[in-house]
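J.: Here's a structure for you.
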Amino acid sequence: MDQNVLYLLLFAALILVVIGYVLYRKHKVKNADKLQKTFTEDEKIHLSLDKKADFNHIAELLLEGLGGAKNVSSVMADGQRIKAAIVAYEAVDEAKLKSAHIGGVLRPQKTMVHLIIGSEAADIAETMNRKLRDETDRS
12 MDQNVLYLLL
22 FAALILVVIG
32 YVLYRKHKVK
42 NADKLQKTFT
52 EDEKIHLSLD
62 KKADFNHIAE
72 LLLEGLGGAK
82 NVSSVMADGQ
92 RIKAAIVAYE
102 AVDEAKLKSA
112 HIGGVLRPQK
122 TMVHLIIGSE
132 AADIAETMNR
142 KLRDETDRS
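Each residue of the sequence shown is one higher than the one before, counting from 12 in the numbering used here.
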């Protein structure tokens, strides 16, 4: 008799685990559908710098958008992004940054701005660093 009760409890526990798993998966899929967004072709934005882009001009626009050379403490390329350390958060002008036809602007911290550039990020960051060095040499 005790053995039958044990089997019955194990069977009930197994049923509860299966029901819990099914409910968990259903809830997880439901939330995943809420987070997923599909874009139509009209909503997609394709921005990229052309191969003949003038990196000096782009670097100037980006430095102006970041609030000038005095507001930028360092610039480094990280993959397809440029990470710029800034002094004053309010001095950053996103409209001016986007006028350089970059992919996007992220502000993960008050002292950091990420510029999504693309495969030319390293070249543009090098040009920006050169311009920053020239500015500090003039001062």
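A virtual CB, placed ideally from N, CA and C, is assigned to each residue, including glycine.
From A111 to H38, what does the alpha carbon distance come to, in whole angstroms?
T.: In the sequence shown, the residue the question calls residue 111 occupies position 100. In the sequence shown, the residue the question calls residue 38 occupies position 27. Distance between the alpha carbons of A111 and H38 is about 43 Å.
J.: Just how far apart, CA to CA, sit R92 and L143?
T.: For the purposes of this step, residue 92 is taken as the residue at position 81 of the sequence shown. For the purposes of this step, residue 143 is taken as the residue at position 132 of the sequence shown. So the two alpha carbons sit approximately 18 Å from each other.
J.: Pull up the CB-CB distance for V103 and G79, whole angstroms please, since I reckon it's below 8 Å.
T.: Counted from its first residue, the sequence shown places residue 103 at position 92. Counted from its first residue, the sequence shown places residue 79 at position 68. That belief does not hold up - the Cβ atoms of V103 and G79 are roughly 10 Å apart, past 8 Å.
J.: What whole-angstrom Cβ distance do I135 and A95 have, given they're in contact under 8 Å?
T.: By 1-based counting over the sequence shown, the position of residue 135 is 124. By 1-based counting over the sequence shown, the position of residue 95 is 84. That pair is no contact at about 11 Å.
J.: In terms of residue numbering, what span does the alpha helix (DSSP H) encompassing L77 cover?
T.: Numbered from 1 along the sequence shown, position 66 holds the residue referred to as residue 77. Element bounds for L77: n/a, residue is neither H nor E.
J.: Taking A106 as the reference, give the member of L126, V98, L17, T122 with the closest Cα.
T.: The count along the sequence shown starts at 1 and reaches residue 106 at position 95. Checking every option, the nearest Cα to that of A106 belongs to L126.
J.: Please name the residue in D13, V16, K81, L34 whose C-alpha comes closest to that of E146.
T.: Start at 1 with the first residue of the sequence shown, and residue 146 comes out as number 135. Among D13, V16, K81, L34, the Cα nearest to that of E146 belongs to K81.
J.: Cβ of G129 within 8 Å of any heavy atom in the ligand MG?
T.: Annotation note on the ligand MG: not contained in the displayed structure, which lists no ligands.
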